[in-house]
Amino acid sequence: MNKLPVTFGINQRFPVWLICIFLGGIGMLSCHSQKKTAYRPAPDLLQTIEANFTDAAAQYKVLAKNLPATSFPKTFFPTTGKYEFSNSGWWCSGFYPGSLLYLYEQTKDPSLYTEAERILKILEKEKNNTSTHDLGFMMFCSFGNANRIATKPEYREILLTSARSLASRFNPATGCIKSWDSKPSDFLVIIDNMMNLELLFWATRVSGDSSFYKIAVTHANTTLKNHFRPDHSSYHVLNYDPKTGAIQQKRTAQGAADESAWARGQAWGLYGYIVCYRETRDAAYLAQANAIARFLLSHPQLPADKIPYWDLDAPGIPNALRDASAAAIMASALIELSSYVKGALSKEYMQVAETMLRTLSTSTYKAAPGTNGGFILQHGVGHMPNKTEIDVPLTYADYYFIEAMVRYKRIAR
Numbered sequence: 016m017n018k019l020p021v022t023f024g025i026n027q028r029f030p031v032w033l034i035c036i037f038l039g040g041i042g043m044l045s046c047h048s049q050k051k052t053a054y055r056p057a058p059d060l061l062q063t064i065e066a067n068f069t070d071a072a073a074q075y076k077v078l079a080k081n082l083p084a085t086s087f088p089k090t091f092f093p094t095t096g097k098y099e100f101s102n103s104g105w106w107c108s109g110f111y112p113g114s115l116l117y118l119y120e121q122t123k124d125p126s127l128y129t130e131a132e133r134i135l136k137i138l139e140k141e142k143n144n145t146s147t148h149d150l151g152f153m154m155f156c157s158f159g160n161a162n163r164i165a166t167k168p169e170y171r172e173i174l175l176t177s178a179r180s181l182a183s184r185f186n187p188a189t190g191c192i193k194s195w196d197s198k199p200s201d202f203l204v205i206i207d208n209m210m211n212l213e214l215l216f217w218a219t220r221v222s223g224d225s226s227f228y229k230i231a232v233t234h235a236n237t238t239l240k241n242h243f244r245p246d247h248s249s250y251h252v253l254n255y256d257p258k259t260g261a262i263q264q265k266r267t268a269q270g271a272a273d274e275s276a277w278a279r280g281q282a283w284g285l286y287g288y289i290v291c292y293r294e295t296r297d298a299a300y301l302a303q304a305n306a307i308a309r310f311l312l313s314h315p316q317l318p319a320d321k322i323p324y325w326d327l328d329a330p331g332i333p334n335a336l337r338d339a340s341a342a343a344i345m346a347s348a349l350i351e352l353s354s355y356v357k358g359a360l361s362k363e364y365m366q367v368a369e370t371m372l373r374t375l376s377t378s379t380y381k382a383a384p385g386t387n388g389g390f391i392l393q394h395g396v397g398h399m400p401n402k403t404e405i406d407v408p409l410t411y412a413d414y415y416f417i418e419a420m421v422r423y424k425r426i427a428r
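Put into C-alpha cells, the structure is as follows:
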C-alpha cells in the first residue's frame, strides 16, 4: 500500500505534488473519473443514452415543479400519485442536485443548473452535521459535482467543513467512522459507509491535511478485515465495542437475513473499494473490488438481464422484487473497474455494465416521460424489512444510472 510517510503528524501539512502521487495523480480526481479503455462502446447504446439524457432532463423538470421550496425528493408512489419528500438532513439529499448537475452537463439546459444552485443553498447547512456518516452522499455528490463544474472558493470550504464533520465520527479504537448513532455501548458501522470515504480523500488532496486520508484508509482496511464473508459477500452492519474495538455482532439490517447478500449492500462495497483503489493505488483494494465483482457476476441468482433481486438470497426468487438502484450502482462501478484491469476481465465488466444499462433503459425500468412523478427509474427497493420504499423510484437509483451513462459515454471520447 502507498502509505503516507510516518514522519508526517496527523494534522501536519505536506506538498500538494506529494499528495497527488499518493492519490493517483491529477487525471483521476473527479468524482466520476475513469481511465480510457480499449473497449469500443456500442453505437446503438450511445444513441439510447443520449435519448435517456433528454428524457431524464424533462423528468427532472417535472420533479422540480412538484417539489416544495425547502424540501428534497425522496420517492413517489405511482399507485396513489403521492410524493414523499425529506428535509436536507436525509441521507439522500445530495442526489437530487447531483443528478441535476450531471444532466446539465449533458444537455446544457440552464434551468437544470439554476435549480441545482437553488437547492444547494438549502443543503449547505448540512456541512456542520456531525450526527451522520452520510456526508459523502449528501455533500460530495452535490457540492463535489458543483465544484468540479465551476470551481469556487465557497464550494471548497463547504466540502472541507463537511469532511471535518465526517471525520469527527472516527473512533481510533474501532478503526472506523461511526454510521448509526445508538446506545453508548454500541458502535455501528454499515457497508454503505465505504461510499463516504471519497470526500475524505478529496479533502486531503486539496488541503494537504493527511488526517482525512489516514481516517479513510483505516476505515477501509478495518471494513476489509471484518465486514466480508469468505465468499466476499458482505454483512450490512457490524457492531463494535467503542472502547476495545472488539466485534460484538454482525448482521444485515436491510437484507433478507443476517447471512444473506443484500444486493445494494454488495453494490456499495464494490463501488467503495474501487474508489479506494483509484485514490491510493493499493492493490489490496483492487483485489477486493474484483472479488466482490466475481461474487456478484457469478452468483447463480443474478438474472440474465443483470438487474439483481433486492437480496440475492431473497425468499420467493424468481418472483422476488428486483432493485434498479443496486443495478445502477453496480453498472457505474463496473465501468470504472473495467479501466483498472485488462483483457477478458475488463471486457466482461463492460459487457455486464452494458447489459444493465440496456435493461434499465427499457420501458420496464425507465419511466415514460411525464410519469413516475418525474423520477427516471422505476422498481427500486429501499428497506424491505421495514416495509418502506418498496418497488418505487429512488433518488440514488437515478443518480447512479445517470453517472453510469456519463461514464459509458466517456469511453467513446
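Under my numbering, the residues of the sequence shown are numbered 16 to 428, in order.
Ideal Cβ positions, reconstructed from N, Cα and C, are used throughout, including at glycine.
Coil, strand or helix - ILE426 by DSSP: Residue state for ILE426 is assigned as helix, using DSSP reduced to three classes.
Distance CB(LEU135)-CB(PHE100) smaller than 8 Å: Not closer than 8 Å, so no.
Reduced DSSP category for TRP325 - H, G, I as helix; E, B as strand; rest coil: Of the three classes helix, strand and coil, the one that applies to TRP325 here is coil, per DSSP.
Given 8 Å, three or more beta-carbon pairs between the region 250-258 and the region 295-310: Taking a cut-off of 8 Å on C-beta distances, the region 250-258 does not touch the region 295-310, as fewer than three cross pairs fall below it.
Residue of ALA343, MET420, SER361 minimising C-alpha distance to THR69: Considering only ALA343, MET420, SER361, the residue with the shortest C-alpha distance to THR69 is MET420.
Cβ contact (3+ pairs, closer than 8 Å) linking the region 398-413 and the region 328-346: Proximity of the region 398-413 to the region 328-346 meets the contact definition, three or more beta-carbon pairs being nearer than 8 Å.
Alpha carbon of TYR292 to alpha carbon of ALA299, nearest angstrom: The alpha-carbon atoms of TYR292 and ALA299 are separated by roughly 8 Å.
For LEU33, the three-state DSSP class (helix, strand or coil): Unreliable placement is indicated for LEU33, whose pLDDT of 47 sits below 50; the coordinate value is still reported in the next sentence. Reduced to three states, the DSSP call for LEU33 is helix.
Nearest to SER108 (by Cα), restricted to the options LEU82, TYR119, ASP124, THR94: Among LEU82, TYR119, ASP124, THR94, the Cα nearest to that of SER108 belongs to LEU82.
Where ARG184 falls, given that 16 or more other Cβ within 10 Å makes a residue buried: Counting the other CB atoms within 10 Å of its CB gives ARG184 a total of 16 or more, which places it among the buried residues.
Beta carbon of GLY284 nearer than 8 Å to that of ILE307: Yes, they are a contact pair.
DSSP-derived helix/strand/coil call for TYR192: Per the sequence shown, residue 192 should be read as Ile rather than Tyr. DSSP places ILE192 in strand when its eight states are reduced to three.
Three-way DSSP call (helix, strand, coil) for ILE391 in this model: In this structure, ILE391 counts as coil in the three-state DSSP scheme.
Cβ-Cβ distance between PHE155 and LEU214 below 8 Å: In this structure, LEU214 lies closer than 8 Å to PHE155 by Cβ.
Buried versus exposed, by CB contacts within 10 Å (16 or more), PRO199: Counting Cβ neighbours within 10 Å, PRO199 comes out exposed, since fewer than 16 surround it.
Assigned exposure category for ALA84 - 16 Cβ within 10 Å defines buried: Here ALA84 is exposed: its Cβ has fewer than 16 other Cβ atoms, across all protein chains shown, within 10 Å.
Boundaries (first-last residue) of the alpha helix (DSSP H) holding PHE92: First-last for PHE92: 87-92, but that is the beta strand (DSSP E), not the alpha helix (DSSP H).
Close-in-space but distant-in-sequence residues of the same chain around LEU317 (CB under 8 Å, 5 per side omitted): Residues of the same chain with a CB within less than 8 Å of the CB of LEU317, apart from the 5 flanking positions on each side, are LEU311, PRO323, LEU327 in chain order.
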